[in-house]
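Trainee:
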Amino acid sequence: RPLQPAGRRQHRLAAECLAQVGLDAIAKQPFWALSGGQKERILIARALAAEPRLLLLDEPTAGVDPGATVAIMDVITRLNRERGLTVVLVSHQLRIVRQVVRSVIWVDDGGAVKGTAEELLSPEHIADVFGAVAARG
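Okay, so the sequence shown: first residue is 20 according to my numbering, each after it adds one.
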């Protein structure tokens, strides 16, 4: 389909997606004026407008403050639970990931291990991979 102005359905879908990420109140603000966490949630809303069954997120909480991190992870968790959306998430923030995911694929040094978050993100497993200091930190 060629490019054309957005119709009612597209406007309604955009409004729904903004509401799903908790940003419908700032819909008229320019993207450049938003905080880092708001920008991340806007990008998630943009992806939702395509009505996907699978959402791929690469470091969605990188570079945002702790409050924005919680808001982003809440959105991701809610989308998975309420919409049945499968979310594949890349993150180095192990404590946060451990709180919201069920299944983990741990990729390290050319290999990969699949398991539950409980198994692979346990302090014992993290200590095995990174050493005892990282598990306590």
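Cβ atoms here follow ideal geometry from the backbone N, Cα and C, with glycine treated the same way.
Specify the secondary structure class of Asp-147 as computed by DSSP and reduced to three states.
Mentor: Here residue 147 refers to the residue found at position 128 when the sequence shown is read from its first residue. Correct three-state label for Asp-147: helix.
Trainee: Which same chain residues end up closer than 7 Å to Ala-154 when comparing Cβ atoms and leaving out the 5 residues on each side of it in sequence?
Mentor: Position 135 of the sequence shown, counting from 1, holds the residue named residue 154. Interpretation of Ala-154 is limited by its pLDDT of 48, a score under 50 that renders its predicted location unreliable; the figure taken from the coordinates is listed afterwards. These residues qualify, in order along the chain: Pro-142, Ile-145 and Ala-146.
Trainee: Taking the straight line between their C-alpha atoms, what separation do you get for Val-126 and Leu-139?
Mentor: Indexing the sequence shown from 1 puts residue 126 at position 107. Indexing the sequence shown from 1 puts residue 139 at position 120. The straight-line gap from Cα to Cα measures roughly 11 Å.
Trainee: Let me know the secondary structure DSSP gives Thr-80 once reduced to three states.
Mentor: The sequence position of residue 80 within the sequence shown is 61, counting from 1. If DSSP states are grouped into helix, strand and coil, Thr-80 belongs with coil.
Trainee: Within its chain, find whatever has a CB closer than 6 Å to the CB of Asn-99; leave out the 5 residues flanking it on each side and keep chain order.
Mentor: In the sequence shown, the residue the question calls residue 99 occupies position 80. Excluding sequence neighbours, Asn-99 sits near Val-106.
Trainee: What residues match up with Asp-127 in a beta bridge as DSSP calls it?
Mentor: Sequence index remark: in the sequence shown, residue 127 carries index 108 (1-based). DSSP output for Asp-127 lists Gly-130 as bridge partner(s).
Trainee: Pick helix, strand or coil for Val-89, following the three-state DSSP scheme.
Mentor: The residue given as residue 89 occupies position 70 in the sequence shown. Residue state, collapsed to three classes: helix.
Trainee: Spatial neighbours of Ala-131 within its chain, please: CB distance less than 6 Å, with the 5 preceding and 5 following residues excluded, ordered by chain position.
Mentor: For this step, residue 131 is matched to residue 112 along the sequence shown. The residues are Ile-124.
Trainee: Locate the alpha helix (DSSP H) running through Val-119, then write down its first and last residues.
Mentor: What you label residue 119 is simply residue 100 of the sequence shown in a count that begins at 1. Per DSSP, Val-119 belongs to the alpha helix (DSSP H) from 113-119.
Trainee: Are the CB atoms of Ile-91 and Gly-56 nearer to each other than 8 Å?
Mentor: Counting from 1 along the sequence shown, the entry for residue 91 is found at position 72. Counting from 1 along the sequence shown, the entry for residue 56 is found at position 37. Going by C-beta atoms, Ile-91 is nearer than 8 Å to Gly-56.
Trainee: Which residue or residues does DSSP assign as beta-bridge partners of His-106?
Mentor: Position 87 of the sequence shown holds residue 106. It is worth fixing the name first, because residue 106 is Val in this sequence and not His. Under DSSP, Val-106 takes part in a beta bridge, and its partners are Leu-74.
Trainee: Going along the chain, which residues of its own chain have a beta-carbon closer than 8 Å to the beta-carbon of Val-109, five neighbours each way excluded?
Mentor: For the purposes of this step, residue 109 is taken as residue 90 along the sequence shown, with counting starting at 1. So the qualifying residues of the chain are Leu-76, Asp-77 and Glu-78.
Trainee: Considering only C-alpha positions, which residue in the set Ile-45, Glu-35, Glu-137 and Gln-112 is nearest to Thr-80?
Mentor: In the sequence shown, counting from the first residue as 1, residue 80 sits at position 61. Residue Gln-112 is the option with its Cα nearest to Thr-80.
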